[in-house]
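A.B. asks: At position 99 of the sequence shown the residue is numbered 99 (this note's numbering), and the sequence of numbers has no breaks.
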Amino acid sequence: MIKYPMTVQGARALEDELAHLTKVVRPKLSQDIGTARELGDLKENAEYHAAREQQGMVEARIRDIEGRLQNAVVIDVTTIAHTGKVIFGTTVEIANVETDESVTYKIVGEDEADIKQRKLSVSSPIARALIGKEEGDVVAVKTPSGLVEYEIVEVRHI
Numbered sequence: 001m002i003k004y005p006m007t008v009q010g011a012r013a014l015e016d017e018l019a020h021l022t023k024v025v026r027p028k029l030s031q032d033i034g035t036a037r038e039l040g041d042l043k044e045n046a047e048y049h050a051a052r053e054q055q056g057m058v059e060a061r062i063r064d065i066e067g068r069l070q071n072a073v074v075i076d077v078t079t080i081a082h083t084g085k086v087i088f089g090t091t092v093e094i095a096n097v098e099t100d101e102s103v104t105y106k107i108v109g110e111d112e113a114d115i116k117q118r119k120l121s122v123s124s125p126i127a128r129a130l131i132g133k134e135e136g137d138v139v140a141v142k143t144p145s146g147l148v149e150y151e152i153v154e155v156r157h158i
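#1: In chain order, what residues of the same chain have a beta carbon less than 8 Å from the beta carbon of Thr-22, not counting five sequence neighbours either side?
#2: Is the number of C-beta pairs between the region 114 to 128 and the region 67 to 83 that are closer than 8 Å three or more?
#3: Which complete beta strand (DSSP E) runs does the region 67 to 123 hold, if anything under 3 residues is left out?
#4: Rounding to the nearest angstrom, what Cα-Cα distance links Val-8 and Val-155 in this structure?
#5: How many Å lie between Ser-121 and Asp-100 at the Cα?
#6: Would you say Leu-69 and Leu-29 are within 7 Å of each other, going by their C-beta atoms?
#7: Do you know how far the Cα of Ala-11 is from the Cα of Thr-35?
#8: Please report the Cβ distance between Glu-17 and Ile-65, rounded to the nearest whole angstrom; I am assuming they are in contact, meaning their Cβ atoms lie under 8 Å.
#9: Grouping DSSP H, G and I as helix and E and B as strand, with all else coil, what is Lys-28?
#10: On the premise that Ile-2 lies in contact with Ile-94, defined as a C-beta separation below 8 Å, what is that separation, rounded to the nearest angstrom?
#11: Would you tell me roughly how many angstroms separate the C-alpha atoms of Val-138 and Ser-102, rounded to the nearest one?
#12: On a Cα-Cα basis, can you pick out the residue from Arg-37, Tyr-105, Ala-50, Asp-32 that is closest to His-157?
What follows is the structure in structure tokens.
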């Protein structure tokens, strides 16, 4: 069975979503299905079919979250000694060597990745190039537009 790394915050977000789906959404859908059933003929009852379809999607999401949490390895980076190396869960500031533009990313699990929030999946090309390196190192990342070099400016355990 494959285990997936996840930050404490990522696990908490999935647990919160699971609780919301099971305690709020699921009972509401059951109520909606019951109400739609009372409207009569189920063959031509659009409300009933829509509620059943929604229920199927919610149940699938619940199973997905439960599976992800069951196979997660939650890593709390704050409990790991800070060595200055880029590891899973660290926040790293990198600067493009050519343009000197800098950007800060947090390296997270696949379920948590969100480029708009500057969260990089640990399996992304940039994160894979950064893992194990330390402040001052220069890494080359293969991108669709060619090879780009980044210097690691700062590594933080947040």
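C-beta: ideal position from N, C-alpha, C; glycine also.
C.D. replies: Reading from the atomic positions:
#1: Result list for Thr-22: Ile-62, in chain order.
#2: Verdict: no, contact absent.
#3: 72 to 75, 91 to 96, 102 to 108, 119 to 121, all fully within the region 67 to 123.
#4: Near 19 Å, if we compare the C-alpha coordinates of Val-155 and Val-8.
#5: In a straight line, the C-alpha of Ser-121 is about 23 Å away from that of Asp-100.
#6: Leu-29 sits away from Leu-69, with the two beta carbons spaced by 7 Å or more.
#7: If you take the alpha carbons of Thr-35 and Ala-11, they lie about 35 Å apart.
#8: With a Cβ gap of about 6 Å, Glu-17 and Ile-65 count as contacting.
#9: Lys-28: helix per DSSP, three-state reduction.
#10: That belief does not hold up - the Cβ atoms of Ile-94 and Ile-2 are roughly 29 Å apart, past 8 Å.
#11: If I take the Cα positions, the gap works out to 13 Å.
#12: Distances from the CA of His-157 to each of Arg-37, Tyr-105, Ala-50, Asp-32 were compared; the closest alpha carbon is that of Tyr-105.
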